[in-house]
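Residue numbering for the sequence shown is 2 to 308, as defined by my numbering. In this text, a Cβ means the ideal position worked out from N, Cα and C, and glycines have one as well. What follows is a short report on a single structure.
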Amino acid sequence: MRVTVVGSGFVGATTAMRVVQKGLAEVVLIDIIEGLPQGVALDMRESAPVEGFEPTIVGTNDYADTAGSDLVVITAGLPRQPGMSRMDLLQKNAGIVGEVVDSVKGGSPEAILIVVTNPLDEMTFLAAQTSGFPHERVMGMAGVLDSSRLRYFIAEELGASPGSVEAITLGSHGEAMVPLPRHASVDGKPLSELVDEATLERLYQRTRDAGAEIVALLKKGSAYYAPSASIAQMVNAIAGDTKEVLPVCAWCTGQYGIDGVYVGVPARLGRGGVEEIVELDLSEQELSQLREAAEGIRSKCEDLGKL
Ligand SMILES: NC(=O)c1ccc[n+]([C@@H]2O[C@H](COP(=O)([O-])OP(=O)(O)OC[C@H]3O[C@@H](n4cnc5c(N)ncnc54)[C@H](O)[C@@H]3O)[C@@H](O)[C@H]2O)c1
């Protein structure tokens with residue numbers, strides 16, 4: 002398995018490190034900044050004797066070196082700067098993601114694309130359009146991260162081990178996130194029996210605002226440890242053909258009554274990419290929140306046409 006990680010900044014570099022250290026695939030790390038991916042990759046290879054992994058990572062500025070990739074993770078792009086509107090960020094990152102996809106698709110026509118660059122839903126849609134790849138081979142990462150954050154906040158609240166908490170979020174990043182209380186549990190006990198409504202709502206709101214909470218603390222730049230762990234879990238599911246069901250930004254074709262739009266839904270991942278969108282049993286309220294999130298994304302994607 003050959004994985005290209007585009008963008009050697011915080012998210013790209015930590016993703017590459019997790020993928021190579023876990024032995025999930027050989028990694029090609031690429032960036033437009035000369036020397037950056039080469040330096041990051043060399044530094045990682047030099048840690049191999051201590052960490053005990055195969056140093057199968059190279060850095061490059063040349064897309065020819067990414068040819069034959071099975072999976073391409075796109076983290077290239079700008080984070081939002083102070084004073085930058087959503088449309089400004091959309092314009093900048095649409096230019097970058099479009100260029101990246103154009104550069105990789107020729108050499109890796111069979112690749113699966115995982116988009117990470119924000120604004121996530123629009124960039125995933127754009128990557129699918131630009132690549133012309135089948136929709137099951139183009140997906141976005143946000144739901145695994147939001148779910149991990151929620152699981153951590155629940156564990157922290159209850160003093161439980163994070164690994165004992167199950168929870169899943171659907172929809173979109175931020176305000177349009179759809180938490181599913183009936184699908185959350187701690188040590189197998191339903192979450193709703195362990196905390197009251199007000200606590201649940203507080204944990205959900207903290208999850209919606211979690212990206213901004215980190216940005217406010219870091220002052221510049223945004224989160225990368227939890228994002229890269231989330232990407233690595235998706236890479237593992239695809240590379241290992243595990244058929245795990247993870248919340249990903251995937252193309253719906255009628256599931257949940259949603260058609261022709263990318264939105265966060267539970268998806269079975271394997272070597273084919275999104276092999277199935279799994280339809281959980283949702284309440285009427287959850288279903289209508291999910292459809293509302295999908296319509297919000299559909300109208301945001303229309304902004305791409307205005308650029
Ligand atoms: N989906 C999510 O949940 C999630 C989570 C965290 C970050 N993000 C997004 O991921 C992106 C990267 O975040 P980061 O913290 O790594 O930023 P960063 O600034 O540290 O790194 C971005 C890298 O992209 C590179 N780049 C820019 N244009 C490029 C091009 N045309 N080709 C190749 N490389 C190019 C830059 O040189 C830089 O090294 C941002 O858009 C951020 O908002 C998304």
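- Bounds of the alpha helix (DSSP H) holding proline 38 are 37-47.
- Between glycine 175 and the set Ala185, Leu151 and Asn237, the nearest pair of CA atoms involves Leu151.
- Residues of the same chain with a CB within less than 6 Å of the CB of alanine 240, apart from the 5 flanking positions on each side, are Met2, Leu25 and Ala26 in chain order.
- Here isoleucine 34 is exposed. Its C-beta has fewer than 16 other C-beta atoms within 10 Å.
- By DSSP's assignment, lysine 190 forms a beta bridge with Val187.
- Excluding sequence positions up to five before and after aspartate 242, its CB lies within less than 6 Å of the CB of Gly271 and Arg272, all in the same chain and listed in chain order.
- Take the alpha-carbon of alanine 199 and the one of serine 193: they are about 11 Å apart.
- In the DSSP assignment, tyrosine 64 falls outside any beta strand (DSSP E), carrying neither H nor E.
- Annotation: the continuous beta strand (DSSP E) that includes glutamate 27 extends over 27-31.
- When only Cα atoms are considered, glutamate 285 and leucine 291 end up about 10 Å apart.
- Of all alpha-carbon atoms in Gly172, His184, Lys244 and Thr5, the one lying nearest the alpha-carbon of aspartate 66 is that of Thr5.
- Spanning the alpha carbons of serine 86 and glycine 60 requires a straight line of approximately 33 Å.
- Three or more Cβ pairs drawn from the segment 262-270 and the segment 117-126 lie within less than 8 Å of each other, which places the two stretches in contact.
- Two segments are said to touch when three or more pairs of C-beta atoms, one from each, lie closer than 8 Å; by this definition the segment 173-189 does not touch the segment 226-236.
- In the DSSP assignment, valine 7 falls within the beta strand (DSSP E) that extends over 3-7.
- Our two residues, alanine 17 and leucine 30, have alpha carbons roughly 7 Å apart in a direct line.
- At least one heavy atom of ligand 1 is found less than 8 Å from the C-beta of valine 101.
- In this structure, the alpha-carbon of aspartate 103 lies about 46 Å from that of glycine 189.
- In the displayed model, leucine 270 falls within a strand according to three-state DSSP.
- Judged by beta-carbon spacing, valine 196 lies beyond the 9 Å limit of alanine 156, meaning their Cβ atoms are not closer than that value.
- Between glycine 306 and methionine 88, the alpha-carbon positions lie close to 12 Å from each other.
- Remark: C-beta atoms of valine 98 and glycine 78 approach each other more closely than 9 Å.
- Taken in chain order, the complete alpha helix (DSSP H) segments of 4 residues or longer contained in the segment 139-208 are 144-159.
- Distance from the C-beta of isoleucine 169 to the nearest heavy atom of ligand 1 is not below 8 Å.
- Apart from sequence neighbours up to five positions away, the residues of its chain that approach arginine 81 with a beta-carbon distance below 7 Å are Leu90, ordered along the chain.
- When the beta-carbon positions are compared, methionine 235 and valine 179 stay at least 9 Å from each other.
- The alpha-carbon of valine 249 is positioned some 14 Å away from that of alanine 168.
- Annotation for serine 165: Ala156, Val187 and Asp188 place their beta carbon closer than 8 Å to its own, counting only its chain and skipping 5 residues before and after.
- Between alanine 268 and methionine 140, the C-beta gap is smaller than 9 Å, which places the two residues in contact.
- Judged by DSSP in its simplified three-state form, tyrosine 263 adopts strand.
- For leucine 121, the three-state secondary structure derived from DSSP is helix.
- Checking the 8 Å criterion, the Cβ of leucine 91 is out of range of every heavy atom belonging to ligand 1.
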